[in-house]
Structure formats: C-alpha cells, structure tokens
C-alpha cells in the first residue's frame with residue numbers, strides 16, 4: 479500500500495531540501511586566510527578585529543596566506559595555500575579588546591592572584607579579494 483496524502487504522518491521526511499541560502503550559507507565571495515596564528519573567514523566590505531598589526535591607520539596590508547577562495551560560484555582550495563590569491567586589508571583603527579579576569583586560587587593555602595588582561599587589536603576592513611591579480615570582490 480503506497481502512502482497517500484491522507485495517511486502520511488507529519489514525521490515522514492519529504493523530498494524537499496532547504497536551499498543553501500536558507501540554511502545560512504554565504505551567498506557572496508569570501509576567503510579563508512591565515513594570520514596571527516589563526517584562521518579567519520573574510521568577506522568583502524566587512525571589518526574584523528585581528529591581533530595588533532604594526533601599521534599606521536589607513537595603511538594597507540596584503541595577506542598571501544589564503545587557504546580557500548570562493549567567488550560565489552566555485553570554490554578553490556589551496557594545498558596549503560591558493561597560488562596567486564591575495565586579500566587586501568585597510569587598517570581602520572587600533573583598539574583594545576574586552577577585559578578578561580584571570581583569578582587563580584589555591585584552596586586552603588591563602589594564596590590568591592587576580593590579574594586582568596586586554597588584548598591589543600587592530601580593526602581592519604576587507605578591501606578586495608583577488609586571485610592571480612584578478613579581483614573577485
């Protein structure tokens with residue numbers, strides 16, 4: 479007996495799958511780069527906070543350690559880096575991160591140590607993502 483619309487349960491899976499855009503996947507170009515010992519997902523015309531970079535405000539930084547590039551249609555994966563891919567960043571400001579408290583205590587020893595830390599950050603704007611000198615964004 480084949481299921482008909484009248485006797486299907488609400489838990490029966492349907493053949494419809496959500497589109498990638500509906501699932502929260504990015505639709506525009508992006509790049510995954512390696513800088514400051516971390517990997518960042520960068521999209522054009524967005525700003526990001528990286529560890530302090532020794533450049534003046536309004537200076538330009540070029541990152542060559544690009545691990546992955548997506549131009550909106552195709553994805554290029556590097557091994558380990560994409561050849562000829564660069565990301566241009568513009569330094570917007572030098573800032574400090576939020577304060578974190580490091581509290582160490584040894585129980586029953588009357589030893590307590592409280593220390594605060596604010597990370598030095600640089601806010602950068604992604605100007606362009608290019609592969610082989612041809613900008614994709």
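Residue numbers (the working numbering): 479 to 615.
Here a beta-carbon is modelled for each residue, glycine too, at the ideal position from N, C-alpha and C.
As the structure is a prediction and not an experimental result, all values here were calculated from the model.
DSSP places residue 565 inside the beta strand (DSSP E), whose first and last residues are 563-574.
Contact fails between the stretch 526-537 and the stretch 548-561, because fewer than three Cβ pairs, one in each stretch, are under 8 Å apart.
Contact between the stretch 566-580 and the stretch 591-601 is present: 3 or more CB-CB pairs across the two stretches fall below 8 Å. Beta-bridge partners assigned by DSSP to residue 530: none are found. Contact between the stretch 586-596 and the stretch 558-568 is absent: fewer than three C-beta pairs spanning the two stretches fall below 8 Å. When C-alpha distances from residue 544 are compared across 536, 520 and 538, the shortest belongs to 520.
With distances taken between CA atoms, residue 516 lies nearest to 541 out of 536, 534, 541 and 535.
Looking at the backbone, the Cα of residue 523 and that of residue 605 are separated by about 6 Å.
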